[in-house]
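Protein chains in written order, with my numbering: chain A, 3 to 396; chain B, 1351 to 1429.
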């Protein structure tokens, strides 16, 4: 099945230098001069310049895509370098778009780069996406994924999707009505906290390299109008089993966005839809504040030799990296089976990495009748920042 | 019947594959409920996961064919 994009190549010209640069494409019957001109005439919007955006940006630029738009508002952090190969060690602290621009231009100065140093929102998404032929979803969160999906459906743009978790990758091309959209597969987002992000759950650094390359390949195929696109198929990559599987996905006629009678005809509030905003307003409710303590207060009490029981609800690999002295590890997933090991007459200070999981643990323990509980605000990250600068942050 | 788990579902159930016995005529929805009962940790995510029967995504009304292979695919957000 071919679904060539309507691209006008009449006025596209390749210089001698470009002919030399793209010669390995030009001699292939599947690309050739016409195909290379199509790549040059095409425009692609990359949403996210992180793990997936890195191989995407580099390979699409190298392949000779005429115009690439990049959307990202983040700054390069040391923890990005294990997988985000657009950014180097010297770029830590710089806006990701700046290092992305430098790296992509070094690969191919012929490419026109449009930089959008902003968060994609319901207010700006349609305007940012509209001028591009193809959108590639390289985001790292559910609200932006649903926003990207809905905006692409409304604007009838192909959405080249990729997503990663630890050793597992997903890729597809959503392009209704030829095939389904993301909501046909996942009508509603999981509750917040149910599916960990890369920052919470970890990810094999190489994984986005492979999934991003699959997305780049699909984008190039859509432009060339060659081969069988991943429309209507979800490709699953399992790096641990080193296996690829594909699943058929059909367009859901009842889909609220791309269905026969769509109920969503304009962009909505995606933070609210994904429960992110609701969660923010629920978690640190005023009534809960008495159930919180700070790292400074905890340090003072430890210095006074008070017998504070510190419960660390992180996972064992995190505990191996750093610990608050004297803490006891009981990972949150094991808490429902093991809370009986805890002394409910003793005050318990609960902590995790940044305070989210420990808030859940405190809530769970309260439901089991524990009363002397305090959640450590900011988690072990706050401890590393304010109490013990020698402690590694992760 | 064999259910293969992916991504987060594997962590929550603590297994790669699950063997399930369901009576003839059982639906995808029946399977979803059974998994939720057997693995309470998985219950929340199950409601938001896609289930594929013999490599084809299916809605809860579908009657499970004999010897079906089912894949449980939770959403994944990383990028």
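Here a beta-carbon is modelled for each residue, glycine too, at the ideal position from N, C-alpha and C.
Note that the C-beta distance between residue 220(A) and residue 175(A) is below 8 Å. Put simply, the backbone Cα of residue 1384(B) is about 11 Å away from that of residue 1376(B). Within the stretch 1353 to 1374 of chain B, contact with chain A at the beta-carbon level (separation under 7 Å) is assigned to 1356, 1357, 1358.
When DSSP states are grouped into helix, strand and coil, residue 372(A) belongs to the coil group. The beta carbon of residue 345(A) lies closer than 8 Å to those of 311 in the same chain, with the five residues before and after it left out. Only those residues of the stretch 184 to 213 of chain A whose C-beta falls short of 8 Å from the nearest C-beta of chain B are listed: 187, 188, 190, 191, 192, 193, 196, 197, 198, 199, 200, 203, 205, 210. In the pairwise beta carbon analysis, the stretch 113 to 129 of chain A is classified as touching the stretch 69 to 86 of chain A: at least three pairs are separated by under 8 Å.
Listed in chain order, the positions of the stretch 129 to 163 of chain A with a beta carbon within less than 7 Å of a beta carbon of chain B are 140, 141, 142, 143, 144, 147. Only residues of its own chain outside the window of five on either side were considered, and among them 120 have a CB closer than 7 Å to the CB of residue 126(A), listed in chain order. In terms of beta-carbon proximity, residue 335(A) lines the interface with chain B, with at least one pair separated by less than 8 Å.
By the CB criterion at 8 Å, residue 98(A) and residue 66(A) fall outside the cutoff. Contacts between residue 313(A) and chain B, judged by CB atoms closer than 9 Å, are missing: the closest CB pair is about 20 Å apart. Contact between residue 1395(B) and residue 1358(B) holds: their C-beta atoms lie close to 6 Å from each other, under 8 Å. Around the C-beta of residue 95(A), fewer than 16 other C-beta atoms lie within 10 Å, and the residue is accordingly described as exposed.
Rounded to the nearest angstrom, the Cβ distance from residue 58(A) to residue 138(A) is 6 Å, consistent with a contact under 8 Å. Interface annotation, residue 1386(B): not in contact with chain A, CB-CB separation never under 8 Å. Annotation: residue 171(A) to residue 1407(B) spans about 17 Å, alpha carbon to alpha carbon. The beta carbons of residue 14(A) and residue 60(A) sit about 23 Å from each other, so the pair does not count as a contact at 8 Å. Annotation: the continuous alpha helix (DSSP H) that includes residue 1384(B) extends over 1378 to 1388.
Scanning chain A for C-beta atoms nearer than 8 Å to the C-beta of residue 1395(B) yields 192, 196, 197, reported in chain order.
According to the DSSP assignment, residue 299(A) belongs to the alpha helix (DSSP H) that extends over 297 to 305.
Excluding residues up to 5 positions away in sequence, 355, 356, 395 lie with their Cβ nearer than 8 Å to the Cβ of residue 383(A) in the same chain. Against chain B, the CB of residue 172(A) has a partner CB under 8 Å away; the residue lies at that interface. Our two residues, residue 198(A) and residue 380(A), have alpha carbons roughly 18 Å apart in a direct line. Put simply, the backbone Cα of residue 144(A) is about 43 Å away from that of residue 308(A). With a threshold of 16 other beta carbon atoms within 10 Å, residue 1372(B) falls short and is exposed.
Residue 312(A): not part of any alpha helix (DSSP H); member of the beta strand (DSSP E) spanning 311 to 314, first to last residue. What residue 1378(B) touches in chain A, judged by beta-carbon distance under 8 Å, is nothing: the nearest beta carbon there is about 14 Å away. Neighbourhood of residue 1415(B) in chain A, by CB distance below 8 Å: empty, with the nearest CB roughly 15 Å away.
At least 8 Å separates the beta-carbon of residue 185(A) from that of residue 255(A).
Membership of residue 353(A) in the beta strand (DSSP E) is indicated by the continuous run 350 to 353. At least one beta carbon of chain B lies nearer than 8 Å to the beta carbon of residue 167(A).
Residues 145, 194 of the same chain have their beta carbon placed closer than 7 Å to that of residue 278(A), with the five preceding and five following residues left out of the count.
Counted as a single uninterrupted DSSP element, the beta strand (DSSP E) harbouring residue 1354(B) occupies residues 1352 to 1355. Buried is the label assigned to residue 87(A), since at least 16 other Cβ atoms lie within 10 Å of its Cβ. Distance check between residue 265(A) and each of 189(A), 359(A), 223(A), 304(A) places 189(A) closest, using alpha-carbon atoms only.
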